[in-house]
Amino acid sequence: MRLVPRETDFSGWLRSPRVAARVGVWLGVCFGVAFITGLISHVAYEPPGWLTFPTRPVSLYRITQGTHVVAGTMAVPLLLVKLWVVYPKLFAKVPWGDVRRLVVHGLERASIAALVAAAIFQLVTGLANSSQWYPWGSFSFRDMHYAVAWVAIGSLALHVAVKLRIARAALASDVNSGDPVGGVPDVEAPADSSHGLTRRGLLRTTWVAAGLAGLSTAGISVPWLRDVSIFGIRSGDGPQGVPINQTAVEARVTAAASKASYRLEIVNGATRRQLSRADLEAMPQRTKVLPIACVEGWSASAEWGGVRLRDLLAVVGAPSESVVAFVSLEEDGAFNTSELPAQFSDDPLTLIALRLNGADLSIDHGYPCRLIAPARPGVFQTKWLSRIEVVA
Ligand SMILES: Nc1nc2c(c(=O)[nH]1)N[C@H]1C(S)=C(S)[C@@H](COP(=O)(O)O)O[C@H]1N2
Ligand SMILES: [Mo]
72 MRLVPRETDF SGWLRSPRVA ARVGVWLGVC FGVAFITGLI SHVAYEPPGW
122 LTFPTRPVSL YRITQGTHVV AGTMAVPLLL VKLWVVYPKL FAKVPWGDVR
172 RLVVHGLERA SIAALVAAAI FQLVTGLANS SQWYPWGSFS FRDMHYAVAW
222 VAIGSLALHV AVKLRIARAA LASDVNSGDP VGGVPDVEAP ADSSHGLTRR
272 GLLRTTWVAA GLAGLSTAGI SVPWLRDVSI FGIRSGDGPQ GVPINQTAVE
322 ARVTAAASKA SYRLEIVNGA TRRQLSRADL EAMPQRTKVL PIACVEGWSA
372 SAEWGGVRLR DLLAVVGAPS ESVVAFVSLE EDGAFNTSEL PAQFSDDPLT
422 LIALRLNGAD LSIDHGYPCR LIAPARPGVF QTKWLSRIEV VA
């Protein structure tokens, strides 16, 4: 008996280039969608100097980030099936005798290794983040996930280029055919299930698994899908009908946020104003329907009431198109400050919210006041504001 099997030890009609190509197409679509929506998220988090992120549609980030997480989740069953179909190739014969073929073989192996490692890494870290599990400690999820996305998409492009000819031939031929495709041998597959699972049966099962994975995640942002959203850990309602990522107790702001002496400080250079919650309530109030959309994929729309940021900037003589820093009462924590680009400060929909869905903001949603701006990642919608400062 051999310890290491050979590629030819894995027979069976399911492990066919025709199956691999068909699953590969959809896997590629999921990774492509996740890559593009991921780039949008990256730009929303860290806009490069030459690009201003749009403030409309208000649900832009909600849609792109929800799509990102759904595409990534759908890729999980697709990747598992794809790896199962092709893994006998791990044991393919190495062409030791022929240097040129050995080099080509080695390069192809290396690119596949990079692709598989990057794909698994992206799906595992993405799923962990969307379920709020941070096993990587002090490493920044976003930095890692972003860097490896380039490895994944680069090695995927290379893989597609290398396999294009055989994949096209495989897709163009009957799925049950036993003819070799692009020089790769195949075996005739029975079309009926009396011999076990058919290729069509495997493909159908794979599509259903991917569809269910997508549906079960989509519920975190699509209200009517909530009931089937078994993976959506934020699908339940928080207070006032909106989920919460961090409560006031967790952020240790309960005392500071409930004090009668609370003042919101607004700073523009040497000009400083201190406003109590009653002062804020005395200013012109607006109500707007805007979503909260977290990087984790969940989102919820709500009716926010409060003062326009523009109006508050006017109080300290600042132009509405200012870059504005927000500081929370929360003393430490990764999300206790944010910086709002000028186009969002200028937007009439950007509010310092005092109310949520017709009632005073609950303490977990940011009482005495919080920022809510259109088309922004949730992490920048700073809660429990203590200071608003014009920085540019
Ligand atoms: N001060 C402060 N603001 C914060 C956070 C936080 O931890 N501290 N979490 C942010 C994140 S990650 C999200 S998604 C939203 C969630 O808003 P909600 O709790 O009102 O739903 O608040 C943001 N604002
Ligand atoms: Mo978030």
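Quick note: the sequence shown uses the numbering used here, first residue 72, plus one each step.
For glycine and all other residues, C-beta sits at the position ideal for the given N, C-alpha and C.
Answer with buried or exposed for residue i, where buried requires no fewer than 16 other C-beta atoms within 10 angstroms of its C-beta.
i      : result
Leu227 : buried
Lys153 : buried
Ser306 : With a pLDDT of only 44 at Ser306, under 50, the local geometry of the prediction cannot be trusted, and the value read off the model is given with reservation. Under this definition Ser306 is a buried residue.
His266 : exposed
Tyr438 : buried
Ser332 : exposed
Pro148 : buried
Val195 : exposed
Thr288 : buried
Ala349 : exposed
Gly449 : buried
Glu117 : exposed
Asp435 : buried
Asp257 : buried
Ser87  : buried
Gly143 : buried
Thr79  : exposed
Pro261 : exposed
Ser393 : buried
Arg77  : exposed
In terms of alpha-carbon separation, which member of the options lies closest to residue i?
i      : options                           : result
Leu33  : Trp375, Leu442, Gly388 and Ala146 : As shown, the chain starts at 72 and ends at 463. That puts residue 33 outside it, with no answer to give.
Leu422 : Leu173, Ser399 and Lys359         : Lys359
Leu420 : Asp403, Ile443 and Phe406         : Ile443
Phe397 : Pro412, Ala385, Trp369 and Val386 : Pro412
Ile291 : Val222, Val219, Pro159 and Ser202 : Ser202
Ala463 : Cys365, Leu432, Leu351 and Val338 : Val338
His113 : Arg86, Val129, Asp214 and Gly340  : Asp214
Ala181 : Pro445, Ile363, Val222 and Ala142 : Val222
Glu367 : Arg172, Val75, Gly103 and Gly197  : Gly197
Leu151 : Phe124, Gly120, Ile183 and Ala190 : Ala190
Val324 : Val293, Glu402, Pro251 and Pro261 : Glu402
Ile134 : Cys365, Leu432 and Val394         : Cys365
Glu352 : Trp155, Leu425 and Leu85          : Leu425
Arg381 : Ser329, Ala430, Thr342 and Ile459 : Ile459
Ser329 : Ser433, Ser130, Trp167 and Arg171 : Ser433
Pro166 : Leu178, Val157 and Ala188         : Leu178
What I want to know is whether the C-beta of residue i ends up closer than 7 Å to one or more non-hydrogen atoms of ligand 1.
i      : result
Glu392 : no
Gln317 : yes
Glu401 : yes
Ile134 : no
Asn200 : no
Ile224 : no
Asn339 : no
Thr453 : yes
Phe406 : yes
Gly377 : no
Cys365 : yes
Gly137 : no
Gly272 : no
Gly368 : no
Gly208 : no
Gly429 : no
Gly99  : no
Gly309 : yes
Could you check whether the Cβ of residue i sits closer than 7 Å to any heavy atom belonging to ligand 3?
i      : result
His436 : Ligand 3 is not among the ligands present in this structure, which contains only ligand 1 and ligand 2.
Assuming residue i and residue j form a contact by the criterion Cβ under 8 Å, report the distance between their Cβ atoms to the nearest whole angstrom.
i      : j      : result
Tyr132 : Arg447 : 6 Å
His139 : Ala105 : 6 Å
Ser457 : Leu400 : 5 Å
Gln414 : Thr108 : Their Cβ separation, rounded to whole angstroms, is 21 Å, which puts Gln414 and Thr108 out of contact at 8 Å.
Arg275 : Gly253 : That pair is no contact at about 25 Å.
Gly285 : Val141 : 5 Å
Gly137 : Ser370 : 6 Å
Arg357 : Gly340 : Actually they are not in contact, since the Cβ atoms of Arg357 and Gly340 sit about 27 Å apart, beyond 8 Å.
Ala115 : Phe102 : In fact, because the Cβ distance is near 20 Å, the residues do not count as touching under 8 Å.
Phe212 : Asn200 : 5 Å
Gly312 : Ala373 : 7 Å
Using a Cβ-based criterion (distance less than 7 Å to any ligand heavy atom), does residue i qualify as near ligand 2?
i      : result
Gly449 : yes
Glu352 : no
Val313 : no
Glu336 : no
Glu321 : no
Glu117 : no
Determine, for residue i, whether the minimum Cβ-Cβ distance to residues of chain B falls below 8 Å.
i      : result
Asn247 : Reference to chain B is not applicable here, since this structure consists of a single protein chain.
*Does the stretch 200-210 come close enough to the stretch 225-244 that 3 or more CB-CB pairs lie under 8 Å?*
The stretch 225-244, when compared against the stretch 200-210, does not touch it at the 8 Å Cβ threshold.
*State whether the stretch 269-281 contacts the stretch 235-252, with contact taken as three or more CB pairs (one from each stretch) at a distance under 8 Å.*
A contact is defined here as three or more CB-CB pairs under 8 Å, and the stretch 269-281 meets this definition with respect to the stretch 235-252.
_Between the stretch 313-333 and the stretch 399-408, can you find at least three pairs of beta-carbon atoms closer than 8 Å?_
Flag = yes, the stretch 399-408 and the stretch 313-333 touch.
*Between the stretch 386-395 and the stretch 449-456, are three or more C-beta pairs nearer than 8 Å?*
Cβ pair count under 8 Å is below three, so no.
*Decide yes or no for the touch test of the stretch 235-242 against the stretch 81-101: beta carbon pairs closer than 8 Å, at least 3 of them.*
Contact holds: three or more Cβ-Cβ distances are below 8 Å.
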